[in-house]
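Be aware that the sequence shown starts at 1, since it is given in full-length UniProt numbering, and climbs by one per residue.
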Amino acid sequence: LPVETDANKLVNFCCINYRIGEDPVPLKPDRYQIFFFELNSEYPDWLWSLRTDRVPPPLSEIEPDTYYYWRRMRRLHNRHLNKLAEIDGWHKKQHRDGNSHSQRVYGDLAYAIEKWNYNKSPGGAMSTNSASSKVA
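Next comes the structure, spelled out in structure tokens:
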């Protein structure tokens, strides 16, 4: 698809037409062309307040009670955890199994908690079966 280079067409028309054989859609007058007369524009007001920067705003400029703030916090926290995981080697293939995560991180404590949880369960050691035969 060739790039449009006609300046008149770029300034006055949308240049995106999905219907073959029709004329391009003319642009409506925007806020800047009618600034001295009326501020009524055929475009919605939110269109002029959209953020067009590629860099996200710093966390200090975002309201802490918004969804966007906590989404950014979660993303930054996950990024931090992934950097720590790179240092520790968690991204190795043998460490991707979710079942071994607690064993790897907590070791004997994880085994003790599993055993304790099993003993408290209805089919655990407190019933007729012994814990040593169930938990290996």
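By construction, the Cβ of each residue, glycine as well, lies at the ideal position given by its N, Cα and C atoms.
Within-7 Å CB hit, L81 to chain C: No chain C appears in this structure, which consists of one protein chain only.
Contacts around V11, its chain only, beta-carbon distance under 7 Å, and the 5 residues preceding and following it disregarded: Once the five neighbours on either side are set aside, V11 has no close Cβ partner at all.
Distance CB(P2)-CB(F13) smaller than 7 Å: Taking 7 Å as the Cβ cut-off, P2 and F13 do not qualify as a contacting pair.
Alpha-carbon to alpha-carbon, K83 and H77: As the crow flies, the alpha-carbon of H77 is around 10 Å from that of K83.
Spatial distance of F37 from K28 (CA atoms): Because the pLDDT at F37 is just 48, under 50, the model does not fix this residue reliably, and the point stays unresolved.
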